[in-house]
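In our numbering, the protein residues as written are 5 to 461.
Every residue, glycine too, gets a C-beta built ideally from N, C-alpha and C.
Structure below.
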């Protein structure tokens, strides 16, 4: 307010406030007045910059088909430094005019300006080639043209540990009815932040109950008599042998030994868990799909450890055909212990679901086991998909072919899903008797061990 229109004491107080704003270091104390001072609106920044984000946004699949497809493609091999920025909305910010911007293009300046699509002369690639750093953002509008670049985007957090250079895997092309040799690359990985831990306390009552139910299947040691070779002499058989010998009945290879054998179940099981981005969805206010999967893996491991069966736990997700992540939670050679629980608890949602590639590699691992029965158990929450043409029928057909190949190797594939739309595609993939739909996802941890028991009786 204008000091001229204020009373004497109010004018004095307003003068002190102005002085405090102009010189923040000054030692100023307000004098007494009948009314409190009027508030001062301090405008520190006209448009505060938003925090930089680095998480990769999802591409809207509805926009892909609507983009222009009739324009010739240009390839740009030069790599660019990249970072992500919010999409300008043209509704806030300062109005700025820069003379040097006329008839030229420049690098990104953090001014809010609208985007343009030049239809008469598409020089997007030329502009991109001249820039050292490119900022990208996402909106829900279609464009008249698009360019494809390799951007070195900074990671928002450290990635998991890569355990090798990658394994080439074939992929089925249903249109040509042929395998595409080494079309995909599978990357063995392990969670970086995995730390050995015990079974979560909330799961221990259920684990104790499951162990008590399944311990009857654990291998039992018992004596077998009348053996040609063994660790001890079978006295009863030896007495019969001596009696027959005295009567003139000589038998050179009489079975007069006994031995201890393990009555074990001759089977191996590999559980393959879908760790795609969709597992980050919530099934209720407090629980996500990934939480249910981790609980299922924990109780499943407790159950199979109780039976003594040979088993392995793996997870997978993908970003494209050249980056299919395959997580080693527990291999067939490793014992079940606190380290296994650490890898289970460190599991987190990944990217997409290139299921055929993961199934082929899992089948190769399971095929090497020297057991009569080999169960390939797949736990998922959706159908196959990925960034490229794997979305749709191509992914369905490739996954189905991977299942058929597994059956030819003598494996028993079985799918456990919580996807409510599974009836639309799982009968075609696995057959009507080789899958089960758990309608209540929260029941998966309790039902999975029981299902395993039924499948292996």
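- Counting only residues of its own chain and dropping the five nearest sequence neighbours on each side, residue 234 has a CB closer than 7 Å to the CB of 261, 262 and 263.
- Close CB contacts of residue 248 within its chain, under the 7 Å cut and outside five residues either way in sequence, are with 255 (chain order).
- Residue range 377–384 is occupied by the beta strand (DSSP E) that includes residue 381, with no alpha helix (DSSP H) assigned at that position.
- In this structure residue 188 is buried. Its beta-carbon is surrounded by 16 or more other beta-carbon atoms within 10 angstroms.
- When the five nearest sequence neighbours on each side are left out, the beta carbons in the same chain lying within less than 7 Å of the beta carbon of residue 459 are those of 379 and 418, in order along the chain.
- For residue 417, the three-state secondary structure derived from DSSP is strand.
- Residue 439 sits in a strand when the DSSP states are folded into three classes.
- Annotation: residue 341 to residue 348 spans about 11 Å, alpha carbon to alpha carbon.
- Inter-residue distance for residue 396 and residue 212 is about 43 Å (C-alpha atoms, whole angstroms).
- Ranked by Cα distance from residue 461, the first of 382, 311 and 339 is 311.
- Around the beta carbon of residue 414, fewer than 16 other beta carbons sit within 10 angstroms, so the residue counts as exposed.
- For residue 366, the closest C-alpha among the options 385, 343 and 333 is that of 333.
- The alpha-carbon separation between residue 421 and residue 281 amounts to approximately 15 Å.
- Taking C-alpha positions only, residue 169 is separated from residue 210 by approximately 40 Å.
- A straight line joining the alpha-carbon of residue 382 with that of residue 452 spans about 11 Å.
- Taking C-beta atoms as the reference points, residue 445 and residue 287 count as a pair closer than 7 Å.
- Inter-segment contact for the stretch 300–320 and the stretch 267–277 is present: three or more beta-carbon pairs are separated by less than 8 Å.
- CA-to-CA, the gap between residue 192 and residue 317 works out to about 13 Å.
- In summary, residue 23 is exposed, with fewer than 16 beta-carbon neighbours lying within 10 Å of its beta-carbon over all protein chains present.
- Secondary structure at residue 327: strand, using DSSP grouped into helix, strand and coil.
- If you compare the alpha carbons of 219, 293, 309 and 376 with that of residue 354, the shortest gap goes to 293.
- In the structure shown, residue 255 falls within a coil segment according to DSSP collapsed to helix, strand and coil.
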